[in-house]
Each structure stands twice: as C-alpha cells, then as structure tokens.
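Enquirer: Here's a structure for you.
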Amino acid sequence: MKIALGCDHGAFELKESLVNGLTGMAIIEDFGTFSKESCDYPDYAQAVALAVSAGEADFGIVCCTSGIGVSMVANRYQNVRAGLCHTVDEAVMTRQHNGANVLALGAKAVSPEYALEIAKAFISTPVDESERHARRRWKLERGGRLSDVSILASADPEIFATIKAQTKQEDEEINLIASENFSSRACREAAGSVLMNKYAEGYPGKRWYSGCLPVDAAEELARKRACELFGAEHANVQPHCGSAANMAVYFALIKPGDTILSLSLDQGGHLSHGSPVNFSGKLYNIVPYTVDRETERLDYDALEKLALETKPAILLTGASAYPRTLDFKRIREICDKAGAIMMVDMAHIAGLVAGGAHISPVPYADIVTSTTHKTLGGPRGGLILCKEKYAKAIDSAVFPGMQGGPLENIIAAKAVCFREWMQPEKKDYAAQVVKNCAVLCKTVQDRGYRIVSGGTDNHLFLVDVKKRGMTGKDAAAALDAAGIVVNKNTIPFDTESPFKTSGIRVGTASVTTRGMKEAEMIKIGTWIADVLDNIADETIQQRVKKESKALALKFPVP
Ligand SMILES: *Cc1c(COP(=O)(O)O)cnc(C)c1O
Numbered sequence: 120m121k122i123a124l125g126c127d128h129g130a131f132e133l134k135e136s137l138v139n140g141l142t143g144m145a146i147i148e149d150f151g152t153f154s155k156e157s158c159d160y161p162d163y164a165q166a167v168a169l170a171v172s173a174g175e176a177d178f179g180i181v182c183c184t185s186g187i188g189v190s191m192v193a194n195r196y197q198n199v200r201a202g203l204c205h206t207v208d209e210a211v212m213t214r215q216h217n218g219a220n221v222l223a224l225g226a227k228a229v230s231p232e233y234a235l236e237i238a239k240a241f242i243s244t245p246v247d248e249s250e251r252h253a254r255r256r257w258k259l260e261r262g263g264r265l266s267d268v269s270i271l272a273s274a275d276p277e278i279f280a281t282i283k284a285q286t287k288q289e290d291e292e293i294n295l296i297a298s299e300n301f302s303s304r305a306c307r308e309a310a311g312s313v314l315m316n317k318y319a320e321g322y323p324g325k326r327w328y329s330g331c332l333p334v335d336a337a338e339e340l341a342r343k344r345a346c347e348l349f350g351a352e353h354a355n356v357q358p359h360c361g362s363a364a365n366m367a368v369y370f371a372l373i374k375p376g377d378t379i380l381s382l383s384l385d386q387g388g389h390l391s392h393g394s395p396v397n398f399s400g401k402l403y404n405i406v407p408y409t410v411d412r413e414t415e416r417l418d419y420d421a422l423e424k425l426a427l428e429t430k431p432a433i434l435l436t437g438a439s440a441y442p443r444t445l446d447f448k449r450i451r452e453i454c455d456k457a458g459a460i461m462m463v464d465m466a467h468i469a470g471l472v473a474g475g476a477h478i479s480p481v482p483y484a485d486i487v488t489s490t491t492h493k494t495l496g497g498p499r500g501g502l503i504l505c506k507e508k509y510a511k512a513i514d515s516a517v518f519p520g521m522q523g524g525p526l527e528n529i530i531a532a533k534a535v536c537f538r539e540w541m542q543p544e545k546k547d548y549a550a551q552v553v554k555n556c557a558v559l560c561k562t563v564q565d566r567g568y569r570i571v572s573g574g575t576d577n578h579l580f581l582v583d584v585k586k587r588g589m590t591g592k593d594a595a596a597a598l599d600a601a602g603i604v605v606n607k608n609t610i611p612f613d614t615e616s617p618f619k620t621s622g623i624r625v626g627t628a629s630v631t632t633r634g635m636k637e638a639e640m641i642k643i644g645t646w647i648a649d650v651l652d653n654i655a656d657e658t659i660q661q662r663v664k665k666e667s668k669a670l671a672l673k674f675p676v677p
C-alpha cells in the first residue's frame with residue numbers, strides 16, 4: 120500500500136508524526152512541507168491529489184491548520200474524494216459511504232496521537248459496495264460530468280445551458296443512432312486541452328511554426344498507435360472529418376473526371392462517395408453500384424462485371440447503412456482484375472475492426488479512410504491509413520493540399536482513443552455491440568417488422584417501416600417522443616423521398632458503451648415495436664418514455 124502525504128507549515132508537526140506512525144504499515148511518499156517556514160497549502164494538497172488521481176498512491180493524507188483548505192484543493196481533482204475527519208467514526212463512514220481516498224486533517228482539531236488513530240481507521244476500512252452506496256457515489260461523480268464545464272456556467276451561461284441539456288439528453292434517452300457513440304472522459308479532456316492553442320502546419324519534425332515539440336509528440340503518438348492498432352504501414356491523423364479524409368484520398372490519387380465506382384447514397388453509401396450534391400459527385404465521374412434487389416446484399420459477381428466494364432480509377436467500398444459483413448478479400452480480387460485502387464471507407468465499422476468483430480480491410484486495401492467517432496467512440500474526426508507507397512501523396516494532399524493547421528487537441532484525443540482500443544476489454548465491447556445488435560434486431564423482427572437483408576452482421580440494421588404503412592420520418596418521430604432516438608433512412612430501391620424515407624436505421628454502439636446487454640436489448644426492441652404498432656397512440660409513447668428513461672438512468676454515460 121502506498122500513501123501520499125502533504126501539509127503546510129501549520130500542520131508540519133502533525134504530518135511528521137503521521138509519517139513516523141505509518142512507516143512500516145505502508146510505503147510513504149512525503150510531499151512536504153519539510154519545515155515550519157510559511158508556505159502555501161494548495162501546493163502540497165495538489166501534489167497529493169495528483170498522485171492519488173493518477174493511481175500512483177492508494178491513499179492521500181492532507182493536513183493544514185483546520186484541514187478545510189487542503190480538502191477543498193484535493194477535491195478539485197478527478198478520482199479524488201477527500202473527506203475532512205475529526206473522529207475515527209467519521210473516517211470509517213467516509214470510507215464506507217463516500218469511498219473517500221484522501222483524508223484531510225486539521226492540526227488545531229485533532230492531536231497527533233488521535234490523528235494517527237483516524238488515519239489507521241481510514242486506510243483499513245473497505246468501501247461499502249452495496250447498491251445504494253454505489254448509486255450515491257455514482258451520482259456524486261455524475262455531478263462531475265457537469266462540473267467539468269462549470270467555468271462556463273458563469274463565463275457563458277447560454278452555452279452552458281446547451282451542454283447541460285445535451286448531458287441530460289444523453290443520460291435520459293436511449294440512443295440508437297448508428298453513427299454515434301459516447302466518447303470517454305479521457306478523450307474529452309484531451310479534446311478540451313491547451314493543445315488547441317498551438318498552430319502546427321506541417322507534420323511532426325517538419326513544421327512551419329516554432330514551439331511544436333509537445334504537439335509533435337502528441338501527433339507522433341496518434342500516428343504510431345493508429346498504425347499499431349490497425350496494422351497499417353502509414354497513418355495520417357489530421358483530417359478534420361471523414362469527408363475530408365475521403366477528399367484527401369481523391370485529391371492525392373486521381374484527377375477530376377476520373378471514374379470512381381461506389382455504392383450510392385440511397386443504397387447505404389455516403390455523401391462523400393459521389394452524391395451529386397457533394398463535391399465528390401461534381402468533380403468525378405461516379406459510377407454507382409447497388410445491392411442486389413432480392414438479397415439486399417452486395418452482389419460481388421455483378422460488382423466485378425461492372426468494374427471490368429467501367430475500369431474505375433478507384434473502387435470504393437464501405438457504407439453508412441449496410442448491415443452485412445464486407446468481403447474485403449473478394450473486393451481485392453476484383454480491384455486486381457479491373458486495375459483499380461482499392462479504397463475502403465470503414466467509418467462505421469472502425470470499432471468493430473479494431474476490436475476484431477469485423478474482418479479488417481487494412482491488409483487488403485491500398486487506402487483505408489475512417490472517422491474516429493462512430494463505433495470507435497473517439498473524438499469527432501477523420502483518419503487515413505495507407506500503404507507506405509501512398510504516404511507522401513496522402514500527406515501532401517491533406518496539408519498543404521486542403522487543410523491548414525491541424526487540430527492537435529483532437530489529434531491527442533484520437534491518440535487517447537487508439538490507446539483505449541489496445542486494452543483487452545475493448546474486444547469484449549466490440550463483440551457485445553454485435554451481439555446486442557443481433558438480439559435487438561431479432562426482437563423487432565419477431566414482432567413482424569421486415570428487416571432489410573433479413574438481419575444484421577454488424578452494429579446496425581434497417582427496418583422497412585413502409586411495409587407496415589408508415590414513413591421512416593413518422594416512425595423516427597414517434598420513437599423520439601418515447602425517448603428512443605433513431606434516424607429515418609432510405610432503404611435500397613426506396614420509393615419514398617430521402618426526406619420521408621421507408622426505413623429507420625438502428626445501431627447499438629452507444630447503448631453498449633453504457634454497459635447494456637441482451638436483456639436490455641429485448642426490452643428496447645419490445646418498446647420499439649409497441650410504439651410503431653400504434654404509431655398515433657400518445658399514451659403508449661408516454662408509457663415507453665417513462666420506462667426507457669428509468670432504464671437509461673441505470674446505465675451511466677461515461
Ligand atoms: C460518417 C461517414 C463519413 C464521414 O463523416 P463526417 O461527417 O464527414 O465525419 C464518411 N464515410 C462514411 C461511410 C460514413 O458513414
């Protein structure tokens with residue numbers, strides 16, 4: 120056991136006697152002060168709090184004349200819960216109930232002998248893990264989710280109100296938007312950090328500005344981790360979003376007017392894959408391919424035929440609304456036969472790929488683009504992975520080709536996200552996303568709803584609601600009123616306008632991040648069917664809203 124101690128001049132003698140008394144029971148890290156000379160209590164309380172916050176010490180003890188100032192300082196740090204104690208009873212209580220890990224003591228309030236008794240009681244009392252205390256401690260931390268932005272409460276009350284509303288919405292609603300997820304607190308800290316202050320046009324080691332050493336280190340980590348995580352030869356972590364990543368690839372490898380073979384938007388593709396309203400559709404000769412009318416899956420033989428006929432410069436796969444596994448090996452063969460560059464946009468499935476729940480495109484593709492915020496659950500941003508031979512062209516297409524200074528704070532958050540994905544439990548997460556999706560899909564299907572392609576292999580599925588007499592727009596609105604958030608989505612060969620659509624898209628990345636499993640998916644699937652079976656019945660919507668909110672609140676958002 121390791122204990123960090125710190126005090127100011129007013130509690131110097133108290134601290135010395137604690138150090139003596141505890142030596143032998145634990146490893147002591149004494150942060151000072153080391154004399155009675157006047158000093159500032161926050162300096163010492165901060166040193167202890169940082170050690171506990173980082174997990175370098177199991178417990179902290181902070182002392183000053185009253186114990187109040189040091190406890191206030193310590194409680195400003197994440198993972199620190201400091202309790203000011205005057206009695207052994209209080210020390211036992213604050214351990215059991217509040218899970219305190221820092222003990223604050225006042226030299227005027229307790230004698231050195233009694234302080235040692237309090238400290239011994241503190242470090243030997245386990246935290247009470249029963250449900251009610253765990254729940255209260257969770258609420259105590261959840262206050263922290265808003266306290267992260269508490270300076271805004273006075274600096275900009277209007278923006279603070281929007282963040283508060285988003286926090287409440289995340290807490291209370293069941294989010295099934297397939298392209299969304301919840302970022303970790305560590306990611307958000309990096310994204311909100313001082314790294315945003317730095318201009319760093321260029322790449323690590325080759326910048327146009329001075330003073331780039333810290334951001335160089337952050338970007339180098341992000342690149343290295345991206346390569347390691349996905350087994351890629353080269354990574355560019357600067358694209359501001361997924362569309363920008365795709366744009367950079369086109370700019371790097373082909374010329375305006377060249378042919379791109381891609382899945383069209385209404386079939387599950389993406390705007391940046393050649394939609395006529397997007398730059399990609401305006402600049403390039405887009406040949407769209409579709410899924411098979413019967414199976415609603417990719418027909419690789421038909422794709423091969425089309426590729427051989429049209430000889431595209433790039434054959435692009437990857438989708439926003441395709442519920443089935445993509446066969447990258449087969450796509451590689453087609454690209455080789457047609458002489459096309461194989462580009463895969465894995466924006467939606469990147470987390471499944473990282474966690475081993477979907478075959479990786481990286482060994483097969485020339486270029487892989489992605490976002491970092493969908494199943495991957497990191498900050499909002501883009502990523503390009505490629506073979507070494509494309510590295511130079513890709514890097515110069517991103518900068519100076521189309522972007523100026525990179526967002527180094529977001530790049531640091533991407534690095535944090537990649538590191539998180541190297542932890543073994545993320546494999547379980549990715550597998551659980553897929554399992555949850557299968558169960559949710561089957562629950563809805565068993566209630567008589569037609570599922571596009573008959574099911575799902577990944578994190579999302581599409582429900583054909585038109586078949587039951589409603590539009591995707593109306594279905595999404597009714598579910599929204601019931602606290603269940605999905606989006607309307609076109610289904611293959613949709614006969615409704617893209618504004619109304621015949622389908623809804625349902626994804627399980629976010630609910631899985633909150634820790635929900637199969638049992639919760641059955642509940643949610645049943646609610647979805649209850650609401651859609653009686654789409655005009657507001658009583659059902661209100662009933663489901665109450666129940667879904669109660670369920671959501673049991674599963675904390677990180
Ligand atoms: C979400 C997505 C993108 C890009 O998204 P941005 O909003 O530009 O970050 C690109 N491709 C696919 C397939 C997507 O699903």
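Just add 119 to wherever you are in the sequence shown, counting from 1, and you've got the working numbering. Note that CB positions come from ideal geometry on N, CA and C, so glycine has one too. Fair warning: this is a prediction, and the values are worked out from it, not measured in the lab.
#1: For P498 and R307, what's the separation of their Cα atoms in angstroms?
#2: On the three-state DSSP scale, how would you describe R195?
#3: Would you say the beta carbon of A438 comes nearer than 7 Å to a heavy atom of ligand 3?
#4: In angstroms, rounded to a whole number, what distance separates the CA positions of A130 and A123?
#5: Tell me the DSSP secondary structure of C158 in three-state form.
#6: Beta carbon of K607: closer than 7 Å to some heavy atom of ligand 1?
#7: Does the beta carbon of A473 fall short of 7 Å from some heavy atom of ligand 1?
#8: Let me check you understand the geometry: is the CB of K533 closer than 7 Å to at least one non-hydrogen atom of ligand 1?
#9: Return the chain-ordered list of same chain residues with a C-beta closer than 8 Å to the C-beta of G399, the five sequence neighbours on each side being excluded.
#10: Tell me whether the beta-carbon of E539 lies closer than 8 Å to the beta-carbon of K545.
#11: Is any heavy atom of ligand 1 found at a distance shorter than 7 Å from the C-beta of A469?
#12: Quick one: measure Cβ to Cβ for I433 and L384, integer angstroms, because I've assumed they're closer than 8 Å.
#13: Hey, out of T575, A305, A597, G125, whose CA is closest to S627's CA?
#14: If we count Cβ pairs, one from each stretch, closer than 8 Å, do we get three or more for the stretch 515-525 versus the stretch 545-562?
#15: What are the boundary residues of the beta strand (DSSP E) that includes I468?
#16: Does the distance from the CB of G179 to the CB of N220 come in under 8 Å?
#17: On the three-state DSSP scale, how would you describe F370?
#18: Bridge partners of D583, per DSSP?
#19: If we call anything under 8 Å between Cβ atoms a contact, is A440 one with L581?
#20: Grab the span of the beta strand (DSSP E) containing G428 for me, first residue to last.
#21: On a CA-only basis, which of I503, V481, I478, Q285 is nearest S489? Give me that one, please.
#22: Assuming L141 is part of the alpha helix (DSSP H), what are its boundary residues?
#23: Measuring only from the beta carbon, is D652 closer than 7 Å to any heavy atom that is part of ligand 1?
#24: Just to check, is the beta-carbon of A466 closer than 7 Å to a non-hydrogen atom of ligand 1?
#25: Would you check if the distance between the CB atom of V207 and the CB atom of E236 is smaller than 8 Å?
#26: If you drop the 5 nearest sequence neighbours on each side, which residues of the same chain put their C-beta closer than 6 Å to that of E289?
#27: What are the residues that DSSP puts in a beta bridge with T491?
#28: Is the CB-CB distance between A337 and I530 below 8 Å?
#29: Are there 16 or more other CB atoms within 10 angstroms of the CB of P442, so buried, or fewer, so exposed?
#30: Below 8 Å, can you find three or more Cβ-Cβ pairs linking the stretch 559-573 to the stretch 642-659?
#31: Is the beta carbon of G470 sitting closer than 8 Å to the one on G496?
#32: With a cut-off of 8 Å, do at least 3 Cβ pairs link the stretch 325-345 to the stretch 469-487?
#33: If you measure between the beta carbons of E415 and S572, is that distance less than 8 Å?
#34: Helix, strand or coil: how does DSSP classify L445 here?
#35: Evaluate contact between the stretch 592-611 and the stretch 266-285, counting only Cβ atoms and requiring at least three cross-stretch pairs below 8 Å.
#36: Sorry if obvious, but does the Cβ on G361 come closer than 7 Å to a heavy atom of ligand 1?
Expert: On the basis of the supplied data:
#1: Start at 1 with the first residue of the sequence shown, and residue 498 comes out as number 379. Start at 1 with the first residue of the sequence shown, and residue 307 comes out as number 188. Approximately 7 Å, taken between the alpha carbons.
#2: Locating residue 195 in the sequence shown gives position 76, where the first residue counts as 1. Here R195 sits in coil by DSSP.
#3: Within the structure as shown, ligand 3 is missing, the only ligands being ligand 1.
#4: Mapped onto the sequence shown, residue 130 falls at position 11. Mapped onto the sequence shown, residue 123 falls at position 4. Rounded to the nearest angstrom, the gap between the Cα atoms of A130 and A123 is 15 Å.
#5: What you label residue 158 is simply residue 39 of the sequence shown in a count that begins at 1. In the structure shown, C158 sits in coil (DSSP, three-state: anything other than H, G, I, E or B).
#6: One-based indexing of the sequence shown puts residue 607 at position 488. Shortest gap from the CB of K607 to any heavy atom of ligand 1: 7 Å or more.
#7: What you label residue 473 is simply residue 354 of the sequence shown in a count that begins at 1. No - ligand 1 has no heavy atom lying nearer than 7 Å to the Cβ of A473.
#8: To locate residue 533, count along the sequence shown from 1; it is residue 414. Taken from the Cβ of K533, every heavy atom of ligand 1 lies 7 Å or farther away.
#9: Translated into the one-based positions of the sequence shown, residue 399 becomes position 280. A small correction: the amino acid at residue 399 is Ser; Gly does not occupy that position in the sequence shown. For S399, where only same-chain residues beyond five positions count, the Cβ hits under 8 Å are N365, M366, Y369, I379, L390, S391, H392, G393, I405.
#10: Position 420 of the sequence shown, counted from the first residue, corresponds to residue 539. Position 426 of the sequence shown, counted from the first residue, corresponds to residue 545. Yes, the pair counts as a contact, with Cβ atoms nearer than the cut-off.
#11: Here residue 469 is taken as the residue at index 350 of the sequence shown, counted from 1. Because no heavy atom of ligand 1 lies under 7 Å away, the Cβ of A469 does not count as near it: no.
#12: Locating residue 433 in the sequence shown gives position 314, counting from the first residue. Locating residue 384 in the sequence shown gives position 265, counting from the first residue. Wrong, their Cβ atoms sit about 17 Å apart, outside the cutoff.
#13: Taking the first residue of the sequence shown as 1, we reach residue 627 at position 508. What sits at residue 627 in the sequence shown is Thr, not Ser. Checking every option, the nearest Cα to that of T627 belongs to T575.
#14: Contact between the stretch 515-525 and the stretch 545-562 is absent, with fewer than three C-beta pairs closer than 8 Å.
#15: Looking up residue 468 in the sequence shown gives position 349. Here I468 belongs to no beta strand (DSSP E), and DSSP marks it neither H nor E.
#16: By 1-based counting over the sequence shown, the position of residue 179 is 60. By 1-based counting over the sequence shown, the position of residue 220 is 101. Going by C-beta atoms, G179 is nearer than 8 Å to N220.
#17: The residue given as residue 370 occupies position 251 in the sequence shown. It is helical.
#18: Along the sequence shown, one-based indexing puts residue 583 at 464. Partner(s): R569, G622.
#19: Within the sequence shown, numbered from 1, the residue matching residue 440 stands at position 321. Within the sequence shown, numbered from 1, the residue matching residue 581 stands at position 462. Their beta carbons are under 8 Å apart, which means A440 touches L581 by this criterion.
#20: Start at 1 with the first residue of the sequence shown, and residue 428 comes out as number 309. It is Glu, not Gly, that sits at residue 428 in the sequence shown. No beta strand (DSSP E) holds E428; the alpha helix (DSSP H) holding it covers 419-429.
#21: Position 370 of the sequence shown, counted from the start, is the residue given in the question as residue 489. Of the residues I503, V481, I478, Q285, the one whose Cα lies closest to the Cα of S489 is I503.
#22: On the sequence shown, residue 141 is found 22 positions in, with the first residue counted as 1. Here the alpha helix (DSSP H) through L141 covers 131-141.
#23: Taking the sequence shown and counting its residues from 1, the one referred to as residue 652 is at position 533. It does not: the Cβ of D652 is nowhere closer than 7 Å to a heavy atom of ligand 1.
#24: For the purposes of this step, residue 466 is taken as residue 347 along the sequence shown, with counting starting at 1. Yes, the Cβ of A466 comes within 7 Å of a heavy atom of ligand 1.
#25: Your numbering for residue 207 matches position 88 in the sequence shown. Your numbering for residue 236 matches position 117 in the sequence shown. The Cβ atoms of V207 and E236 lie closer than 8 Å to each other.
#26: What you label residue 289 is simply residue 170 of the sequence shown in a count that begins at 1. Taken in chain order, the residues that qualify are V676.
#27: For this step, residue 491 is matched to residue 372 along the sequence shown. Paired residue(s): none; T491 is not in a bridge.
#28: Within the sequence shown, residue 337 is the residue found at index 218, counting from 1. Within the sequence shown, residue 530 is the residue found at index 411, counting from 1. Yes. Within cutoff.
#29: To locate residue 442, count along the sequence shown from 1; it is residue 323. Buried: at least 16 other Cβ atoms inside 10 Å.
#30: Yes: the two stretches touch, three or more of their Cβ pairs being nearer than 8 Å.
#31: Within the sequence shown, the letter at position 351 stands for residue 470. Within the sequence shown, the letter at position 377 stands for residue 496. Their beta carbons are under 8 Å apart, which means G470 touches G496 by this criterion.
#32: The stretch 325-345 is not in contact with the stretch 469-487.
#33: Numbered from its first residue, the sequence shown carries residue 415 at position 296. Numbered from its first residue, the sequence shown carries residue 572 at position 453. The answer is yes: Cβ separation under 8 Å.
#34: Working through the sequence shown from its first residue, we reach residue 445 at position 326. Correct three-state label for L445: coil.
#35: No, the stretch 592-611 does not touch the stretch 266-285.
#36: As a first step, residue 361 is located in the sequence shown; it is residue number 242 there, counting from the start. Yes; taking the cut-off as 7 Å, the Cβ of G361 has a heavy atom of ligand 1 nearer than that.
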